[in-house]
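Novice: Counting in the UniProt record's numbering, the sequence shown runs from 1 upward without gaps. Where is the CB? At the ideal position from N, CA and C, for every residue including glycine. The model shown is predicted, which means the values in this text are computed figures rather than measured ones.
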Amino acid sequence: MSFDGVTLRSVVFDLQNVVGLRISKIYQPNKNSIILVINKKLKIYLTIDPNSPRIHLFNETLENPVDAPNFCMMLRKNLNSGVIIKIWQKDLDRVIGIDIKTYNELGELSIKTLIIEIMGKHSNIILIDKESEKIIDVMKKVTFDMSRVRQLLPGSIYSFISNDKINLLNDKRGPIDTFDFDKSTKVIKEFYIKYDGLGPMFGKVLLKSAGIDEDIKLNLLSEEDKICLNKIYFEFRNKIIENSFSPTIYYSNEKATSYYPFFVEKLASSYKTFKNASEMISNYYMLNENNDQLIEKKNNLLKIVNSNLKKKITKLQNQFDEYKISKDREKYKIWADLISANQYRITPGQKSIVLENFYSENLEKIEIELDEKLPAHANSTKYYKIYSKLKSRENILKDEIKKSEEEVNYLEQLKSQLDSDLDLNEVLEIEEELISSGYKKKRPRKSNKSKKNIESKPLEFVSSSNNNIFVGKNNKQNDFLTIKFANKEDIFFHVQSFPGSHVILKYNNSYTDEDIVEASYLAAKYSSLKNEKLVTVDYTERKNVFKRRGAKPGMVNYTNFKSIVVDLYDKSIEKKLDERKL
1 MSFDGVTLRS VVFDLQNVVG LRISKIYQPN KNSIILVINK KLKIYLTIDP
51 NSPRIHLFNE TLENPVDAPN FCMMLRKNLN SGVIIKIWQK DLDRVIGIDI
101 KTYNELGELS IKTLIIEIMG KHSNIILIDK ESEKIIDVMK KVTFDMSRVR
151 QLLPGSIYSF ISNDKINLLN DKRGPIDTFD FDKSTKVIKE FYIKYDGLGP
201 MFGKVLLKSA GIDEDIKLNL LSEEDKICLN KIYFEFRNKI IENSFSPTIY
251 YSNEKATSYY PFFVEKLASS YKTFKNASEM ISNYYMLNEN NDQLIEKKNN
301 LLKIVNSNLK KKITKLQNQF DEYKISKDRE KYKIWADLIS ANQYRITPGQ
351 KSIVLENFYS ENLEKIEIEL DEKLPAHANS TKYYKIYSKL KSRENILKDE
401 IKKSEEEVNY LEQLKSQLDS DLDLNEVLEI EEELISSGYK KKRPRKSNKS
451 KKNIESKPLE FVSSSNNNIF VGKNNKQNDF LTIKFANKED IFFHVQSFPG
501 SHVILKYNNS YTDEDIVEAS YLAAKYSSLK NEKLVTVDYT ERKNVFKRRG
551 AKPGMVNYTN FKSIVVDLYD KSIEKKLDER KL
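#1: What's the C-alpha gap between residue 188 and residue 214?
#2: My output table needs one value for residue 29: the three-state DSSP class, helix, strand or coil.
#3: Tell me whether residue 347 sits in a helix, a strand or coil according to DSSP, three-state version.
#4: In the DSSP assignment, what residue or residues form a beta bridge with residue 526?
#5: Reducing DSSP to helix, strand and coil, say where residue 34 ends up.
#6: Apply the 10 Å Cβ neighbour rule to residue 534 and answer buried if 16 or more other Cβ atoms are within range, or exposed otherwise.
#7: Quick check: the Cα distance between residue 313 and residue 529, rounded to an integer number of angstroms?
#8: On a Cα-Cα basis, can you pick out the residue from 248, 162, 191 and 170 that is closest to residue 176?
#9: Where does the unbroken beta strand (DSSP E) through residue 538 begin, and where does it stop?
#10: Note down the Cα distance separating residue 447 from residue 65, rounded to an integer number of angstroms.
#11: For residue 511, tell me which candidate among 69, 541, 396 and 204 has the shortest Cα-Cα distance.
#12: In the DSSP assignment, find the beta strand (DSSP E) that holds residue 652 and state where it starts and stops.
#13: Drop a sphere of 10 angstroms on the beta-carbon of residue 325, count the other beta-carbons inside from all chains shown, and report buried for 16 or more, exposed for fewer.
#14: My assumption, with CB atoms under 8 Å, is that residue 5 sits in contact with residue 93. Please give the rounded CB distance.
#15: Measuring straight from C-alpha to C-alpha, what distance separates residue 582 and residue 275?
#16: If distances are taken between C-alpha atoms only, which option among 425, 29 and 378 comes closest to residue 628?
#17: Going by DSSP, which residues form a beta bridge with residue 129?
#18: Answer yes or no: do residue 519 and residue 469 have a C-beta to C-beta separation smaller than 9 Å?
#19: Does the beta-carbon of residue 479 have 16 or more other beta-carbons within 10 angstroms, so that it is buried, or is it exposed?
#20: Under 8 Å: do the region 230-248 and the region 202-211 share three or more Cβ pairs, one atom per stretch?
#21: I think residue 56 touches residue 11, with their Cβ atoms under 8 Å apart; what is that distance to the nearest whole Å?
#22: Suppose you measure from the CA of residue 320 to the CA of residue 461; what does that come to, to the nearest Å?
#23: Grouping DSSP H, G and I as helix and E and B as strand, with all else coil, what is residue 399?
#24: Can you tell me which of the three DSSP states residue 63 falls into?
#25: So, for residue 88: in the same chain, excluding its five sequence neighbours on each side, which residues have a beta-carbon less than 6 Å away from its beta-carbon?
#26: Report the option in 25, 132 and 123 whose CA atom is closest to the CA atom of residue 75.
#27: Would you call the CB atoms of residue 117 and residue 95 closer than 9 Å?
#28: Could you say which of 549, 17 and 2 lies nearest to residue 406 if we only look at CA atoms?
#29: Hey, residue 526 and residue 563: beta-carbon distance below 9 Å or not?
#30: With residue 240 and residue 284 assumed to form a contact (beta carbons below 8 Å), what rounded beta-carbon distance in angstroms separates them?
#31: Quick check: what's the CA-CA separation for residue 394 versus residue 318?
#32: Tell me whether residue 470 sits in a helix, a strand or coil according to DSSP, three-state version.
#33: What is the residue span of the beta strand (DSSP E) that residue 477 lies within?
#34: Could you have a look at residue 320 and say whether DSSP puts it in helix, strand or coil?
#35: Among the residues of its own chain, which have a CB less than 8 Å from the CB of residue 143, if the five just before and after it don't count?
#36: Can you list, in chain order, the residues of its chain whose CB lies under 8 Å from that of residue 332, leaving out five sequence neighbours each side?
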């Protein structure tokens, strides 16, 4: 998302509230960001992160390194206890300055300017002496080898980047006077080519407001379009000059896709307006950074789960193959008995022998392989040992197969949960579960102050007869609902034979058949079969549900259950439940 000059102007307008206030603390939480704490409670966040350079007021708490970086120490030395006397923007460019009045060790008055240049990967934070315009220090030093056009080094004179673009704040011409309508350039692009500080979003806002296709090119605009676009341009120009902003975040499929200090209803199907630009920007990046972190975390955990699931399925298949062999062990006992009874017919060095099977009614003949190096009785003993080993192995394999099946079911349960709609805290709980189960290495702590995750909560609905229904979204919630929260008379629901959420219908003196249908619908919806049409759901009283000692999180057994088939294509039930979701 482009943080353009119009957005910066709306932030500068917000920041006027801190003019006259004192800087009480300065932090540098990472290599690209600085936090100025104003009057011990307000915070200005400055970041030159290449993906999202910006400045705004914010309320988040970020972890700070134990030892402050050198740039942070320099800012503390020069700006701590300083008073902000002015916050300004260079025209409509993406450059903001904060003038700060301080006193040096000798008690002499000095004014420093903290400048942030918001220019994508070339963004920077620079501290200069206001009077001499000399650079005191810069977050990212730019040497002659890096740029022959403009160097940024301590001791050098700071200068702005010059350009010949139009400054709409003092230029009274409109697009109809400045655009070359014979060109095949997109109109949106022409705005940020011609005008200083404007990004693609500005052109999009104007075109949407004018009802013109946002992909249209200059040479395809009709005369009527040109006049309309020019009129809309001056309307928004006046809003910019008068600082008349309506900060808005625009959404697509419930995800924040863009923001701008102006509200235009046609930009998106859903949106949210904010009282100031800082609140808009903070919310946008909090939503998107959390969403990006959520997606990355889910994908990483899914890789771990899928990798282990593949290994466990292969192991289980091998155990089944071995079990099949052990079940077929009787032939080795028969071979041993036949060899023992026919030792006299076996000569030294013989590799095989064909014998009548006296265990068979038809006395079928069997060819038995022999170890030519062993005498007859030793060959018999060899097959007795194989038989005995396979008999013992069968009992061991029964337990091993049961454990492997539980592991596979458990991992499939986790996979189903990670494929569902979870928030970041719920995913982090699954990560902790994988760590405690030995599937993932423990996360290294970044500092002595570990950030405590917010406890996630199960979903809660109200049934048609006003009984509460709870749905677990991960195994931590499932165990809590079924083992700790539910009473013995509450009703437990779970999709039959497949991974899914634990659903608890709280018993409030009575419940109806409709309650059963609704709770069953939720059990089917929040399961690995959520995309199927007909899903079978089991339900029973909580007293019939038990957790075996040593069982994995979220894994339970139940008895005395009834079953119901749910039609997930019946959206009337889903709509009714969504309306009663707490």
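Specialist: The structure says:
#1: Taking the sequence shown and counting its residues from 1, one reaches residue 188 at position 188. Taking the sequence shown and counting its residues from 1, one reaches residue 214 at position 214. Near 7 Å, if we compare the C-alpha coordinates of residue 214 and residue 188.
#2: As a position in the sequence shown, residue 29 is number 29, starting the count at 1. Strand at residue 29.
#3: Taking the first residue of the sequence shown as 1, we reach residue 347 at position 347. The DSSP-derived three-state label of residue 347 is coil.
#4: Counting from one through the sequence shown, the residue named residue 526 turns up at place 526. Answer is none; residue 526 lacks a bridge partner.
#5: As a first step, residue 34 is located in the sequence shown; it is residue number 34 there, counting from the start. When secondary structure is reduced to three states using DSSP, residue 34 falls in the strand class.
#6: Translated into the one-based positions of the sequence shown, residue 534 becomes position 534. Burial state of residue 534 is exposed, judged by a 10 Å Cβ sphere holding fewer than 16 other Cβ atoms.
#7: Position 313 of the sequence shown, counted from the start, is the residue given in the question as residue 313. Position 529 of the sequence shown, counted from the start, is the residue given in the question as residue 529. In a straight line, the C-alpha of residue 313 is about 20 Å away from that of residue 529.
#8: For the purposes of this step, residue 176 is taken as residue 176 along the sequence shown, with counting starting at 1. Nearest C-alpha to residue 176 among 248, 162, 191 and 170: 191.
#9: Here residue 538 is taken as the residue at index 538 of the sequence shown, counted from 1. DSSP places residue 538 inside the beta strand (DSSP E), whose first and last residues are 534-541.
#10: Here residue 447 refers to the residue found at position 447 when the sequence shown is read from its first residue. Here residue 65 refers to the residue found at position 65 when the sequence shown is read from its first residue. Residue placement at residue 447 is poorly supported in this model, since its pLDDT is 45, which falls under 50; the coordinates still yield a value, given next. Our two residues, residue 447 and residue 65, have alpha carbons roughly 7 Å apart in a direct line.
#11: Here residue 511 is taken as the residue at index 511 of the sequence shown, counted from 1. Among 69, 541, 396 and 204, the Cα nearest to that of residue 511 belongs to 541.
#12: The requested residue 652 does not occur in the structure, where the chain is confined to residues 1 to 582.
#13: As a first step, residue 325 is located in the sequence shown; it is residue number 325 there, counting from the start. Result: exposed.
#14: In the sequence shown, the residue the question calls residue 5 occupies position 5. In the sequence shown, the residue the question calls residue 93 occupies position 93. Residue 5 to residue 93, Cβ: 6 Å. Contact.
#15: As a working mapping, residue 582 is identified with position 582 in the sequence shown. As a working mapping, residue 275 is identified with position 275 in the sequence shown. Distance between residue 582 and residue 275, taken at the CA atoms: about 27 Å.
#16: There is no way to answer for residue 628, as the model of the chain reaches only from 1 to 582.
#17: One-based indexing of the sequence shown puts residue 129 at position 129. 112.
#18: On the sequence shown, position 519 is the one that residue 519 refers to. On the sequence shown, position 469 is the one that residue 469 refers to. In this structure, residue 469 lies closer than 9 Å to residue 519 by Cβ.
#19: In the sequence shown, the residue the question calls residue 479 occupies position 479. The residue in question, residue 479, is buried, as its Cβ has 16 or more Cβ neighbours within 10 Å.
#20: Pairwise C-beta distances place the region 230-248 in contact with the region 202-211, as three or more of them are shorter than 8 Å.
#21: On the sequence shown, position 56 is the one that residue 56 refers to. On the sequence shown, position 11 is the one that residue 11 refers to. Confirmed, Cβ separation roughly 5 Å.
#22: Against the sequence shown, residue 320 aligns to sequence position 320. Against the sequence shown, residue 461 aligns to sequence position 461. Cα to Cα, residue 320 sits roughly 43 Å from residue 461.
#23: Counted from its first residue, the sequence shown places residue 399 at position 399. DSSP places residue 399 in helix when its eight states are reduced to three.
#24: Mapped onto the sequence shown, residue 63 falls at position 63. Assigned with DSSP and collapsed to three states, residue 63 falls in coil, not helix or strand.
#25: Locating residue 88 in the sequence shown gives position 88, where the first residue counts as 1. The residues are 97.
#26: The residue labelled residue 75 in the question sits at position 75 within the sequence shown. Taking only the C-alpha atoms, the option nearest residue 75 is 25.
#27: Residue mapping note: residue 117 aligns to position 117 of the sequence shown, counting from 1. Residue mapping note: residue 95 aligns to position 95 of the sequence shown, counting from 1. Between residue 117 and residue 95, the CB-CB gap stays under 9 Å.
#28: Taking the sequence shown and counting its residues from 1, the one referred to as residue 406 is at position 406. Of the listed residues, the one whose Cα sits closest to residue 406 is 549.
#29: Residue numbering aside, residue 526 sits at position 526 when the sequence shown is read from its first letter. Residue numbering aside, residue 563 sits at position 563 when the sequence shown is read from its first letter. Not in contact: residue 526 and residue 563 (Cβ atoms no closer than 9 Å).
#30: Here residue 240 refers to the residue found at position 240 of the sequence shown. Here residue 284 refers to the residue found at position 284 of the sequence shown. Separation of the CB atoms of residue 240 and residue 284 is rounded to 20 Å, and the pair is thereby denied contact status at 8 Å.
#31: Within the sequence shown, numbered from 1, the residue matching residue 394 stands at position 394. Within the sequence shown, numbered from 1, the residue matching residue 318 stands at position 318. Going by the C-alpha atoms only, they are around 13 Å apart.
#32: As a working note, residue 470 is residue 470 in the sequence shown. In the structure shown, residue 470 sits in a strand (DSSP, three-state: E or B).
#33: Position 477 of the sequence shown, counted from the start, is the residue given in the question as residue 477. Element bounds for residue 477: not the beta strand (DSSP E) but the alpha helix (DSSP H), 475-479.
#34: Counted from its first residue, the sequence shown places residue 320 at position 320. Under the three-state reduction of DSSP output, residue 320 falls in the helix class.
#35: By one-based count along the sequence shown, residue 143 stands at place 143. Around residue 143: 151 and 153.
#36: For the purposes of this step, residue 332 is taken as the residue at position 332 of the sequence shown. Only 383, 384, 386, 387 and 390 meet the Cβ criterion.
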